[in-house]
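Input: a single structure, listed below in structure tokens.
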Amino acid sequence: MTLHLGYGTNGLTDLRLDDALGLLADLGYEGVGLTLDHMHLDPMAPDLTERTRQVRRRLTSLGLRVTVETGARYVLDPRRKHGPSLLDPDPDARAARTALLVRAVDVAAELGAHAVHCFSGITPPGTSTDTAWKRLTEALTPVLEAADRSGIPLAIEPEPGHLLATLADFHHLRGLLGDPGPLGLTLDIGHCQCLEEASPVECIRDSAPWLRHVQIEDMRRGVHEHLPFGDGEIDFPPVLAALAASEYRGLTVVELPRHSHAGPELARTSIDFLRDAMTRGTTPKGAAPC
């Protein structure tokens, strides 16, 4: 089974970035989902270029692959979680989010990342659905142009409660934008369990041609809470088998952004769990794993 496991730095926020990367390499992870945020790699810092080069050297020395993630909660506004978004009523505020994503593409290109992750944001009160989609397409256009120039896919994530919440919404966006080549999908396995009509396995099969990044954790139906493996309802061996059977060869990143207090231990138990689930996913019924 060919999967490339990573762990998200948003679940290791109590560690210095160098220490977090060393931990993941020691545990056997092949990569990292690197969230651009103040405690690790601050996208607003004046020394971003030099710091990015340092991170690249550290990743190279450890043999780690990377995806750049942009879900930091207060990186642009210290008072509004994930604000401003690509859907903000203020065009200057939307432009600030667009500029951050363009910067993320530049960072990803310097790091040799395989994708940049993003999401739409929540539709603001009093905003029609048509207006929200129009804002999203306009705000993403410069990011997609930057992604095209850099050869870095922009992998948008369906997020519960956001304008773009489901796989159907992702395909709606593709249609509105004319199916641009740089636009891909971040598939969060827990989100599939949470709100998609199809099972996580069916979601993987249906979305395989557009997969550019995968996030993974446990979750329960109807409850958007990222859980450690075994605390939710997902049957992981067939999920991992479906991922391995797809043509996706990017990172599959553990996403536990509210568990930094136990980050090192969860990084260890998560890779053990996933390795065991991969073994069980490839073992014929009635046979014992070697």
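Everything in the sequence shown is counted per the numbering used here, starting at 770 for the first residue and increasing by one.
Backbone N, C-alpha and C fix where the C-beta goes; we use that ideal spot for every residue, glycine too.
CA-CA distance, residue i and residue j?
{"i": "Y1017", "j": "Q823", "result": "29 Å"}
{"i": "H931", "j": "S889", "result": "6 Å"}
{"i": "P812", "j": "V835", "result": "16 Å"}
{"i": "A794", "j": "P969", "result": "28 Å"}
{"i": "A1013", "j": "E971", "result": "14 Å"}
{"i": "L817", "j": "D806", "result": "11 Å"}
{"i": "P1053", "j": "P1006", "result": "With a pLDDT of 36 at P1053, under the threshold of 50, the modelled position of this residue cannot be trusted, and the question is left open."}
{"i": "R863", "j": "D1045", "result": "43 Å"}
{"i": "P860", "j": "P894", "result": "16 Å"}
{"i": "L792", "j": "T839", "result": "22 Å"}
{"i": "K903", "j": "H960", "result": "25 Å"}
{"i": "L869", "j": "L1009", "result": "33 Å"}
{"i": "C887", "j": "G1050", "result": "30 Å"}
{"i": "E994", "j": "E1002", "result": "12 Å"}
{"i": "R848", "j": "A865", "result": "15 Å"}
{"i": "L996", "j": "P929", "result": "15 Å"}
{"i": "P790", "j": "D948", "result": "Sequence check: residue 790 is Leu here, not Pro. Taking the straight line from one Cα to the other gives about 35 Å."}
{"i": "T1048", "j": "D788", "result": "29 Å"}
{"i": "A882", "j": "R872", "result": "13 Å"}
From the DSSP output, in three-state form, read off residue i for me.
{"i": "M808", "result": "coil"}
{"i": "E971", "result": "helix"}
{"i": "L996", "result": "strand"}
{"i": "E819", "result": "helix"}
{"i": "V844", "result": "coil"}
{"i": "M813", "result": "coil"}
{"i": "K1054", "result": "At K1054, the pLDDT of 44 sits below 50, so the modelled position is not reliable and the matter cannot be decided from this model."}
{"i": "R1037", "result": "helix"}
{"i": "E1002", "result": "coil"}
{"i": "A924", "result": "strand"}
{"i": "G852", "result": "coil"}
{"i": "R834", "result": "strand"}
{"i": "D783", "result": "coil"}
{"i": "H941", "result": "helix"}
{"i": "G959", "result": "helix"}
{"i": "G791", "result": "helix"}
{"i": "G1032", "result": "helix"}
{"i": "D948", "result": "coil"}
{"i": "T1048", "result": "helix"}
{"i": "D987", "result": "strand"}
Go ahead and label residue i buried or exposed: buried means 16 or more other beta carbons lie within 10 angstroms of its beta carbon, across all protein chains shown.
{"i": "T804", "result": "buried"}
{"i": "D778", "result": "According to the sequence as given, residue 778 is Thr; it is not Asp. Under this definition T778 is a buried residue."}
{"i": "R990", "result": "exposed"}
{"i": "Y776", "result": "buried"}
{"i": "A814", "result": "exposed"}
{"i": "S830", "result": "exposed"}
{"i": "P978", "result": "exposed"}
{"i": "P858", "result": "exposed"}
{"i": "R826", "result": "exposed"}
{"i": "A758", "result": "The requested residue 758 is not part of the displayed model; the chain covers only 770 to 1059."}
To which residues of the same chain is residue i closer than 6 Å at the C-beta, ignoring the five residues directly before and after it?
{"i": "A901", "result": "L856, T892 and L932"}
{"i": "D846", "result": "G852"}
Near residue i, which residues of its chain fall below 7 Å by C-beta distance, leaving aside the five closest residues on each side in sequence?
{"i": "G1032", "result": "G780, L781, D783 and L784"}
{"i": "D957", "result": "E926, Q984 and E1024"}
{"i": "L774", "result": "Y798, E799, T1021, I1040 and L1043"}
{"i": "R1027", "result": "H995"}
Confirm, please, whether the CB-CB distance from residue j to residue i is below 8 Å.
{"i": "I973", "j": "S1015", "result": "yes"}
{"i": "L905", "j": "T935", "result": "no"}
{"i": "G800", "j": "L833", "result": "yes"}
{"i": "T821", "j": "L772", "result": "no"}
{"i": "L945", "j": "L952", "result": "no"}
{"i": "L786", "j": "H809", "result": "yes"}
{"i": "D917", "j": "G950", "result": "yes"}
Please go through the same chain and pick out, in chain order, the residues whose beta-carbon is closer than 8 Å to the beta-carbon of residue i, but skip the five residues on each side of it.
{"i": "D1077", "result": "Nothing can be reported for residue 1077, as the shown portion of the chain is limited to 770 through 1059."}
{"i": "D999", "result": "Reading the sequence as shown, one finds Gly at residue 999 and not Asp. Same-chain partners within the cutoff: D987 and F1042."}
{"i": "T867", "result": "L855, A908, L909, P911 and V912"}
{"i": "A884", "result": "T836, V837, A877, I921, P922, L923, A924, G953, T955, R981, H982 and G1019"}
{"i": "L850", "result": "Per the sequence presented here, residue 850 reads as Lys, with Leu not at that position. The answer, listed in chain order, is R842 and Y843."}
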